[in-house]
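K.L.:
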Amino acid sequence: MKNLRLTAQTRLAVIHAGLFLAAGVALAVVIITFTFWPDTATHPPTVLIDKISGRVRLSGNFQSVLAVKQQARHELEIRLITVSVIGIVVMTAVAGFMGWVMAGRTLRPVHAVSGAARRLSQTNLHERIPVAGRDDEMRELAETFNQMLARLEKSFEAQRAFVANASHELRGPMTTQRALTEVAAADSPDNAELRDLAEAMLRQLDRQDRLVNGLLALATSDGGVTETAPVRLDRMATECLDGLAGEIDQRRLTVRLALEPSTVDGDRALIELLLSNLIRNAVLHNVPGGELRVKTRGGHVVIDNTGALVDAHRLAELAEPFRRGQRDRTSQTAGSGLGLAIARAAAHAHAAPLRLAPRPRGGIIAEVDFPQRKPLADSRGTAGATRERWRTRG
């Protein structure tokens with residue numbers, strides 16, 4: 231009973247029916263009381279006095295008339311009470327229904343506001359609630375909500391403009407730095423010290439580029455995906471692993487794959503950010519000689535890696551922006567602290583739940599479920615198989 235939830239419309243209908251029931255019962259009691267008020271004095275009996283004995287007696291037919299009248303009153307009382315009860319019950323039900331209908335009409339702007347709030351995102355801030363009807367509190371509520379949407383739309387437009395300008399301003403100097411570094415290294419091919427310095431600078435530029443891309447992804451992912459295209463998850467995972475081959479070899483990781491042809495509709499750049507950050511996180515937070523498992527099937531992706539023990543609370547914190555594990559703070563390949571946050575944002579943009587769970591013996595299991603898509607007609611290999619087929623990446 232504690233979890234019973236009554237809507238405002240239902241509560242108003244119940245209150246309306248309850249008030250009508252109370253008023254109807256009170257009115258019926260008053261009518262019945264005054265209708266059957268004792269009235270024996272209206273027809274007083276005839277008093278007869280015996281002149282001889284002096285005895286006083288009533289007329290002979292008074293008792294029989296009184297009995298008949300009381301019987302009639304009783305029958306009328308029963309009939310009136312029955313009709314009153316039936317009428318009150320029926321009219322209470324009608325009053326409750328009418329109260330429910332009227333409450334629904336009155337609360338319609340509230341439903342419109344709540345529905346608009348549920349649909350609210352960066353892509354539909356232009357929507358407004360129709361304002362019509364009387365100039366009352368409900369109209370004021372709708373107008374206030376529309377004004378709030380207008381302010382939010384203006385704020386997000388300013389944010390998008392800032393992100394675009396910041397992206398341009400950041401990428402320009404980074405491109406120049408990369409070009410100068412590559413030219414300097416090419417002009418002095420025999421200078422090993424300069425070549426090593428150039429490689430270190432290029433690695434830092436790559437890290438800065440990932441940081442900028444991550445910040446842009448975090449800033450724009452709330453709006454969802456506007457343009458989609460078919461993306462092969464198995465091929466994307468393979469490309470991400472190829473890009474991290476150096477780090478994988480450096481840590482002597484064993485990579486085991488169960489990649490079935492899996493196609494989803496989405497934004498290729500965001501999905502690449504999602505998978506690359508999850509796989510990169512699994513590599514950087516692994517232990518030397520550890521294991522990395524990647525599985526794709528349908529719209530389901532699982533990335534499982536060995537590593538240090540992580541409790542669930544700490545794992546939830548690591549999914550927040552600029553949160554990093556302690557091992558990364560001194561590592562030469564330290565991340566920006568945005569990996570899992572970017573992955574979560576990219577998954578959210580595709581309405582794909584991202585679940586992170588600690589492994590009992592250390593490490594993390596990351597699972598992503600993309601919306602289902604019809605399988606490719608030319609899918610071969612293990613597509614549709616009911617048994618996982620793992621292979622070790624050479």
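Just so we're aligned, residue 231 is where the sequence shown starts under this note's numbering, counting upward by one. No residue lacks a Cβ here, since even glycine has one placed at the ideal position from N, Cα and C.
#1: Which whole-angstrom value describes the C-beta separation of T467 and T526, a residue pair presumed to lie in contact below a C-beta threshold of 8 Å?
#2: Please report the residue range of the alpha helix (DSSP H) in which E469 lies.
#3: Reducing DSSP to helix, strand and coil, say where V485 ends up.
#4: Buried or exposed for Q239, going by 16 or more other Cβ atoms inside 10 Å?
#5: Please state the DSSP three-state secondary structure of F552.
#6: Under a three-way DSSP split, which group does H530 fall into?
#7: Taking C-alpha atoms, which residue in E373, L306 and L249 lies nearest to I318?
#8: Could you spell out where the alpha helix (DSSP H) holding R510 opens and where it closes?
#9: Say whether the stretch 470 to 486 touches the stretch 501 to 511, bearing in mind that this needs 3 or more beta-carbon pairs closer than 8 Å, one atom from each stretch.
#10: What ranges does the beta strand (DSSP E) occupy inside the stretch 363 to 449, keeping only unbroken runs of at least 3 residues that lie completely in it?
#11: Per DSSP, P588 forms a beta bridge with which residues?
#12: Taking V485 as the reference, which of A243, Q602 and E521 has the closest Cα?
#13: Three-state secondary structure (DSSP) at L310?
#14: With which residues is E457 paired in a DSSP beta bridge?
#15: In angstroms with no decimal places, state the Cα-to-Cα distance between A587 and A538.
#16: Compute the Euclidean distance between the alpha carbons of G496 and L570, then round it to the nearest angstrom.
#17: Please report the straight-line C-alpha distance between R544 and G476, rounded to a whole angstrom.
P.N.:
Put simply:
#1: According to the sequence provided, residue 467 is Ala. The question's Thr does not apply to it. Yes, A467 and T526 are in contact; Cβ-Cβ is about 6 Å, under 8 Å.
#2: If you look at E469, you'll find it in the alpha helix (DSSP H) that goes L463 to G473.
#3: In the structure shown, V485 sits in a strand (DSSP, three-state: E or B).
#4: Q239 comes out buried.
#5: Bear in mind that the predicted position of F552 carries a pLDDT of just 47, short of 50, making it too unreliable to give a figure here.
#6: If DSSP states are grouped into helix, strand and coil, H530 belongs with the strands.
#7: Nearest C-alpha to I318: L249.
#8: R510 -> alpha helix (DSSP H) spans R498 to L514.
#9: Touching, yes, given that three or more Cβ pairs across the two stretches are closer than 8 Å.
#10: Unbroken beta strand (DSSP E) stretches of 3 residues or longer found wholly inside the stretch 363 to 449: none.
#11: BP columns for P588 point to I594.
#12: Among A243, Q602 and E521, the Cα nearest to that of V485 is on E521.
#13: Reduced to three states, the DSSP call for L310 is helix.
#14: Bridge partners of E457: none, in fact.
#15: Each residue's alpha carbon lies about 13 Å from the other.
#16: Between G496 and L570, the C-alpha separation is close to 19 Å.
#17: Rounded to whole angstroms, R544 and G476 show a C-alpha spacing of 28 Å.
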